[in-house]
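S.K.: For the sequence shown, position 58 matches number 87 in our numbering, and the numbering has no gaps at all. I'd like to ask you about the structure that follows.
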Amino acid sequence: MPSFWKHVNKVIKEADIIIEVLDARMVEETRNFEVEDKVKKEEKILLYVFNKCDLASKEKLKTIKHSLKPSVFISSRDKLGTTILKKKIMELSKGNPTVVGILGYPNVGKSSLINALSGKGSAKTSSESGFTKGFQKIRVDPKIMVLDTPGVLPKREKDPAKHAKTGALSYGKIKDIETTALRLIEDETEKITAHYNINSEDPEEILEQIAFKFKKLSSGGKANLEVAARMLLKDWQTGKIKQ
Ligand SMILES: Nc1nc2c(ncn2[C@@H]2O[C@H](COP(=O)(O)OP(=O)(O)O)[C@@H](O)[C@H]2O)c(=O)[nH]1
Ligand SMILES: [Mg+2]
């Protein structure tokens with residue numbers, strides 16, 4: 030079994046409540062049904078956390094609000110929603126002391142969430158007997174402990190375009206950057222044309238116009254689509270393009 034699965038399984042085993050961190054802008058793309066099934070099979074409680082809410086539009090938040098339950102909206106960056114999250118955890122544990130584990134794809138904000146929850150003043154507690162070696166817990170509330178190492182979900186589908194969209198595959202590491210950019214434009218035409226103020230529906234034309242607009246040109250004054258594509262993916266992944 031690949032090591033990430035071992036680790037994910039350990040997180041599920043050690044925790045009572047499992048938080049699946051999702052990107053509020055891309056809920057479907059950042060869910061992992063295989064892991065959700067595992068959590069349910071182990072009879073652990075699954076709590077969805079929509080992170081990066083500061084980057085998602087109000088409309089987007091409205092549409093996902095009732096899509097998954099139980100769920101909480103947060104921004105780990107702005108440390109918003111963490112009090113509500115702790116309340117929800119207490120509600121789910123029926124007021125009992127509980128251990129929370131965190132799972133999610135790369136880049137969804139697992140480490141930021143752990144930081145936002147722990148903040149100042151919370152102490153790490155070392156492993157106790159019966160606790161799997163290597164795991165530490167952080168006390169974030171009198172009754173809530175959080176495992177300090179999140180479980181990074183494997184990239185299940187071999188679909189680089191999807192992972193580029195969620196940021197699981199960083200813009201600097203994408204191999205076929207042009208095709209990836211075209212897929213993103215196809216998926217998110219409206220947001221991208223609105224951001225760059227371009228009037229077209231055709232992905233190739235849109236990418237070309239972005240290149241001209243930002244002077245991403247090859248010798249001879251032709252559009253340099255590769256450079257434009259990388260800029261687009263960077264803007265997308267760093268949250269410049271309103272989603
Ligand atoms: N805008 C915004 N960025 C976030 C938020 N949470 C995490 N990030 C950023 O997303 C990137 C990945 O976060 P990280 O916690 O390392 O994700 P991990 O790979 O799941 O542990 C970092 O650049 C974070 O600063 C959030 O709520 N809002
Ligand atoms: Mg991390």
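From the three backbone atoms N, C-alpha and C, an ideal C-beta is built for every residue, glycine too.
Using 8 Å as the cut-off, classify the Cβ of L84 as near or not near the heavy atoms of ligand 1, replying yes or no.
M.R.: yes
S.K.: Buried or exposed for F164, going by 16 or more other Cβ atoms inside 10 Å?
M.R.: buried
S.K.: Using only alpha-carbon positions, find the residue among L51, T92, L97 that is nearest to K81.
M.R.: L51
S.K.: Quick one: what's got a C-beta closer than 7 Å to G159's C-beta in the same chain, skipping five residues either side?
M.R.: Residue placement at G159 is poorly supported in this model, since its pLDDT is 47, which falls under 50; the coordinates still yield a value, given next. Same-chain partners within the cutoff: there are none.
S.K.: Spatial neighbours of G124 within its chain, please: CB distance less than 8 Å, with the 5 preceding and 5 following residues excluded, ordered by chain position.
M.R.: K172
S.K.: Nearest to I41 by alpha carbon, out of A257, D264, V181, M260?
M.R.: Comparing Cα-Cα distances from I41 to each of A257, D264, V181, M260, the minimum goes to V181.
S.K.: Do you know offhand how far L262's Cα is from E255's?
M.R.: 11 Å
S.K.: Go ahead and pull the three-state DSSP assignment for D216.
M.R.: helix
S.K.: Using three-state DSSP, classify E157 as helix, strand or coil.
M.R.: At E157 the pLDDT is 47, less than 50, meaning the model places this residue with poor confidence and gives no usable figure here.
S.K.: On a Cα-Cα basis, can you pick out the residue from P179, G138, S96 that is closest to N38?
M.R.: Minimum Cα distance to N38 is reached at P179.
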